[in-house]
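Letter by letter, the sequence shown follows residues 1 to 158 of full-length UniProt numbering.
Notes to accompany the following structure.
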Amino acid sequence: MYGVSGPQQQGFQAFRGSTFTISCSIQPQYPGGSFLLSSSTHNYTQPAVNHSAHFLFPAAEPAHQGNYSCVYHVSAYSQNFSSESRLLSVTVTGVPSDPEPFIIRAVVLPLIQLLVSVGLYFYCKATRGRRPSRQEDIELDYDDLGVPAEEEGAQGAE
Numbered sequence: 001m002y003g004v005s006g007p008q009q010q011g012f013q014a015f016r017g018s019t020f021t022i023s024c025s026i027q028p029q030y031p032g033g034s035f036l037l038s039s040s041t042h043n044y045t046q047p048a049v050n051h052s053a054h055f056l057f058p059a060a061e062p063a064h065q066g067n068y069s070c071v072y073h074v075s076a077y078s079q080n081f082s083s084e085s086r087l088l089s090v091t092v093t094g095v096p097s098d099p100e101p102f103i104i105r106a107v108v109l110p111l112i113q114l115l116v117s118v119g120l121y122f123y124c125k126a127t128r129g130r131r132p133s134r135q136e137d138i139e140l141d142y143d144d145l146g147v148p149a150e151e152e153g154a155q156g157a158e
């Protein structure tokens, strides 16, 4: 609309968790004033500094999606003036702006899982031959039961 140059784009895409800024500005006509950044769910107000205002969004969330417009308000000569920009559509996508968490989830974690699985496989393979079988355990138990303790004492006294 006349008087306010809002963001020059009609649509904007932000990645979830990323930082983005919406800037509003107006051609100098009157000193002072303020900008209202308005959407269907949020309203933000900042004073006009050098005929502009910058609205920072430090971490994009789905709640920030929507259509935004900048409205400039100023009082001059005992009258109130306002002017509204065209709409800017903001879409927040689920892909993170920082690739590091994605790389960790997609590459590092499966690699760790693979290494643990291979390690367990070789550990089990190496220890499989070392375990005594049940048959040997039974034979040892059988040998211990061969002579009752009372008879051992009687035979040793003779």
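Cβ atoms here follow ideal geometry from the backbone N, Cα and C, with glycine treated the same way.
Residue pairing for Phe122: DSSP places it in no beta bridge. By the Cβ criterion, the segment 102-111 is not in contact with the segment 28-38, since fewer than three pairs of Cβ atoms, one from each stretch, lie closer than 8 Å. Along the UniProt domain "Immunoglobulin-like beta-sandwich" (15-74), the beta strand (DSSP E) occurs as fully enclosed runs of 3 or more residues at 20-26, 34-38, 43-47, 52-57, listed in sequence order. Contact annotation: Tyr68 and Ser25 have beta-carbon atoms that are not nearer than 8 Å. In this structure, DSSP gives Leu111 a helical state, which the three-state scheme calls helix. The residues Asn67, Ser69, in chain order, have a CB closer than 6 Å to that of Leu87 in the same chain once the five nearest residues on each side in sequence are set aside. Counting every other CB atom within 10 Å of its CB across the protein chains shown gives Ile22 a total of 16 or more, marking it as buried. Burial check for His42: the Cβ neighbour count within 10 Å stays below 16, so the residue is exposed.
A Cβ-Cβ separation of about 19 Å leaves Arg105 out of contact with Ala60 under the 8 Å criterion. Boundaries of the beta strand (DSSP E) harbouring Gln79: 79-84, taken from the DSSP string.
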